[in-house]
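Student:
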Amino acid sequence: MLSEDNAIEIKNISKKYYLYNSPADRMVSSLFKNWKKFNEVNALNNITINIPKGKTIGLIGQNGSGKSTLLQIITGILKSTSGEIEVNGRIAALLELGSGFNPEFTGRENVYMNATILGLTREEINERFSDIEQFAEIGHFIDQPVKTYSSGMFLRLAFATAVHTDPDILIVDEALAVGDVRFQSKCFRKFKEFQERGKTILFVTHATELLIRHCDYAYLINKGELIQEGLPKEVVNTYLDLIYGKQKKLSDTAQIPETKAQDRELDAEMQQKYSQETIEFITSQNFEANCENRRSYNQNEFRWGDKRAEIIDYLVLSNDMVDPIDCSSTELLQIIMKVKFNDNVTSPIYGLTIKTVDGVTVYGNNSRDDSIEVSSQTEANISCVKFAFIPQLVEGDYFISLGIAEDVPGLEAPPLDRRYDLIHLKFHHETLGFGIVDLGMKIEQLI
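Following my numbering, the numbering of the sequence shown begins with 12 at its first residue and continues without gaps.
1. If distances are taken between C-alpha atoms only, which option among Leu-343, Leu-328, Glu-342 comes closest to Ile-336?
2. CB-CB under 8 angstroms to Val-371, same chain, minus the five flanking residues each way: which ones, in chain order?
3. Quick one: measure Cβ to Cβ for Ile-388 and Phe-352, integer angstroms, because I've assumed they're closer than 8 angstroms.
4. CA-CA distance, Asp-184 and Ala-103?
5. What's the call for His-175, buried or exposed, on a 16-neighbour Cβ count within 10 Å?
6. What are the start and end residues of the alpha helix (DSSP H) that includes Met-164?
7. Within 10 angstroms of the Cβ of Asp-381, are there 16 or more other Cβ atoms? Answer buried if so, exposed if not.
8. Please give the ranges of any alpha helix (DSSP H) in the stretch 15-80, keeping only runs that are unbroken, at least 4 residues long and fully inside the region.
9. When burial is assigned at 16 or more other CB atoms within 10 Å of the CB, is Lys-349 buried or exposed?
10. Looking at the secondary structure, which residues open and close the beta strand (DSSP E) in which Val-122 lies?
11. Give the straight-line distance between the Cα atoms of Lys-26 and Lys-234, rounded to the nearest whole angstrom.
12. Are the CB atoms of Ile-360 and Ala-424 within a distance shorter than 8 angstroms?
13. Looking at the strands, I want to know which residues DSSP matches up with Leu-221.
14. Comparing C-alpha positions only, which one of Thr-172, Ala-147, Thr-442, Ile-322 sits nearest to Ile-128?
15. Quick one: measure Cβ to Cβ for Ile-19 and Ser-91, integer angstroms, because I've assumed they're closer than 8 angstroms.
16. I'd like the list of long-range same chain contacts for Leu-55, defined as Cβ closer than 7 angstroms, with 5 residues on each side in sequence excluded.
17. What number of angstroms, rounded off, separates the C-alpha of Phe-445 from the C-alpha of Ile-238?
18. Exposed or buried, what is Arg-52 when buried is set at 16 or more other beta-carbons lying within 10 Å of its beta-carbon?
19. Can you give me the start and stop residues for the alpha helix (DSSP H) that Asp-142 sits inside?
20. In terms of alpha-carbon separation, which member of Ile-411, Gly-163, Thr-86, Asp-142 lies closest to Ile-180?
21. Just verifying my parser: in three-state terms, what is the DSSP assignment at Glu-97?
22. From Asn-377 to Val-385, what does the alpha carbon distance come to, in whole angstroms?
23. Taking the Cβ atom as the reference point for each residue, do Ile-88 and Ile-96 lie within a distance shorter than 8 angstroms?
24. In this structure, what does DSSP give as the bridge partners for Tyr-409?
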């Protein structure tokens with residue numbers, strides 16, 4: 012029985028498809044039960060999810076993972092092979108671009124048809140039509156056949172229709188990916204309005220930032236299996252792991268080359284720039300991992316990569332302080348990353364990303380995108396890379412991620428070691444403001 016606290020309950024849902032080699036095999040199989048000339052494909056396997064009322068739930072996974080199949084089962088377009096789904100409330104869904112629209116009908120006719128299917132009377136549609144038309148912003152095309160619409164116009168009208176039918180549950184499957192930035196902003200303001208009114212939203216996207224920013228909870232589906240659920244930030248980390256093909260975290264059993272430590276020397280100019288502690292950090296050839304001993308180390312970091320190189324230590328420098336945990340937003344911040352190479356790496360890429368506590372990216376960059384020339388590295392080398400910038404962040408807590416990857420032609424920079432949220436720093440700022448970044452705004456009354 013459906014709990015009063017849940018908008019949707021998905022219980023042990025599975026979906027199988029049977030792929031036949033030919034139409035003849037399909038016909039014979041329908042006549043003779045023992046004739047099995049087909050391949051069985053499991054699109055979904057025993058999925059159980061409870062979606063509470065009034066929450067925005069994210070669903071993420073690679074293409075072909077089964078997300079769209081699950082949504083089609085929820086909305087009644089497809090029938091599951093086994094399991095059951097219970098829904099408490101009226102659903103409006105944008106499952107794919109232009110779904111539910113008759114291409115021969117005009118936009119106006121499609122609005123009336125879809126709104127009627129969603130349970131509105133003609134009088135109710137008449138009352139809301141001007142709001143739908145204004146939100147969609149497609150002008151005179153509202154009276155043109157939908158087959159003449161661009162993908163963006165499809166989206167505008169479909170989304171406008173869905174949200175103005177006042178559903179209890181809104182389902183959006185990747186539809187916003189084709190909208191322009193201004194319209195996306197408009198849609199997310201509507202999301203916010205729905206959230207404030209206690210509506211339930213099921214949001215499917217590949218955009219990890221949107222998932223983190225707008226969802227209360229998230230589910231990760233991979234190859235038809237529900238493999239993780241939890242806070243969006245945690246689920247996104249696992250998703251990023253999957254899309255890069257690295258399904259295991261760093262192993263503690265990898266072979267580390269045996270080397271003799273031989274400290275390097277800095278030139279006179281470099282020695283004048285840094286304190287003795289910083290010089291020792293840069294020149295030391297100690298292969299011991301030391302991140303965990305830093306004051307700003309975040310023990311809840313997420314780490315993965317193939318371990319051909321490892322980030323073994325880092326050092327934070329701010330306002331003549333070494334290894335601080337509280338930094339000024341207006342002073343130069345330097346973060347030195349120490350990397351040990353366990354293999355030859357021809358074209359390393361060094362990167363850093365700053366995020367808010369809820370996972371929103373403030374800024375990120377890497378040596379490749381910034382066209383910084385870096386040297387190739389051989390096994391048993393240690394490299395130190397410095398990131399220097401003035402944060403200009405509004406006061407608060409922030410997480411810094413460090414990464415080392417390899418630039419390989421034709422591939423998307425295979426990660427060697429990525430340490431998400433490795434560093435936790437608190438920034439203080441002398442001036443008041445709100446948001447994330449201090450843009451140095453000057454306010455002046457002119458008249």
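All C-beta atoms in this analysis are idealised placements derived from N, C-alpha and C, irrespective of residue type, glycine included.
Tutor: Result, derived from the coordinates:
1. Taking the sequence shown and counting its residues from 1, the one referred to as residue 336 is at position 325. The option with the nearest alpha carbon to Ile-336 is Leu-328.
2. Numbered from its first residue, the sequence shown carries residue 371 at position 360. Excluding positions up to five away in sequence, the list reads Glu-220, Ile-223, Arg-224, Ile-447.
3. Position 377 of the sequence shown, counted from the start, is the residue given in the question as residue 388. Position 341 of the sequence shown, counted from the start, is the residue given in the question as residue 352. One point to set straight first is that residue 388 is Gln, not Ile, in the sequence displayed. Gln-388 to Phe-352, Cβ: 5 angstroms. Contact.
4. Residue numbering aside, residue 184 sits at position 173 when the sequence shown is read from its first letter. Residue numbering aside, residue 103 sits at position 92 when the sequence shown is read from its first letter. Cα to Cα, Asp-184 sits roughly 11 angstroms from Ala-103.
5. Position 164 of the sequence shown holds residue 175. Under this definition His-175 is a buried residue.
6. Residue mapping note: residue 164 aligns to position 153 of the sequence shown, counting from 1. Element bounds for Met-164: 162-174.
7. The residue given as residue 381 occupies position 370 in the sequence shown. Burial call: exposed.
8. 34-42
9. Reading the sequence shown from its first residue, position 338 is the one you call residue 349. Classification for Lys-349: buried.
10. If you number the sequence shown from 1, residue 122 lands on position 111. Per DSSP, Val-122 belongs to no beta strand (DSSP E); it is in the alpha helix (DSSP H), 118-128.
11. In the sequence shown, the residue the question calls residue 26 occupies position 15. In the sequence shown, the residue the question calls residue 234 occupies position 223. Their Cα atoms are separated by approximately 12 angstroms.
12. Indexing the sequence shown from 1 puts residue 424 at position 413. Indexing the sequence shown from 1 puts residue 360 at position 349. In this structure, Ile-360 lies closer than 8 angstroms to Ala-424 by Cβ.
13. Residue numbering aside, residue 221 sits at position 210 when the sequence shown is read from its first letter. Checking the DSSP bridge columns, you'll see Leu-221 has no partner listed.
14. Locating residue 128 in the sequence shown gives position 117, counting from the first residue. That would be Thr-172, whose Cα lies nearest to the Cα of Ile-128.
15. Counting from 1 along the sequence shown, the entry for residue 19 is found at position 8. Counting from 1 along the sequence shown, the entry for residue 91 is found at position 80. In this structure Ile-19 does not touch Ser-91 by the C-beta definition: roughly 14 angstroms separates them, more than the 8 angstroms allowed.
16. On the sequence shown, residue 55 is found 44 positions in, with the first residue counted as 1. The residues are Ile-24, Ser-25, Lys-26, Gly-77, Thr-80, Leu-81, Gly-235.
17. Your numbering for residue 445 matches position 434 in the sequence shown. Your numbering for residue 238 matches position 227 in the sequence shown. Rounded to the nearest angstrom, the two C-alpha atoms are 37 angstroms apart.
18. Looking up residue 52 in the sequence shown gives position 41. Note on identity: in this sequence residue 52 is Val, with Arg being the wrong assignment. Exposed is the call here.
19. By 1-based counting over the sequence shown, the position of residue 142 is 131. Where Asp-142 is concerned, the enclosing alpha helix (DSSP H) stretches over 133-147.
20. The residue labelled residue 180 in the question sits at position 169 within the sequence shown. Measuring from the Cα of Ile-180, the nearest candidate turns out to be Thr-86.
21. Here the question's residue 97 lines up with position 86 in the sequence shown. Note: Glu-97 maps to strand in three-state DSSP.
22. Taking the first residue of the sequence shown as 1, we reach residue 377 at position 366. Taking the first residue of the sequence shown as 1, we reach residue 385 at position 374. In a straight line, the C-alpha of Asn-377 is about 11 angstroms away from that of Val-385.
23. In the sequence shown, the residue the question calls residue 88 occupies position 77. In the sequence shown, the residue the question calls residue 96 occupies position 85. Ile-88 is not a Cβ neighbour of Ile-96, given a cutoff of 8 angstroms.
24. By one-based count along the sequence shown, residue 409 stands at place 398. Answer by DSSP bridge pairing, in chain order: Thr-367, Leu-436.
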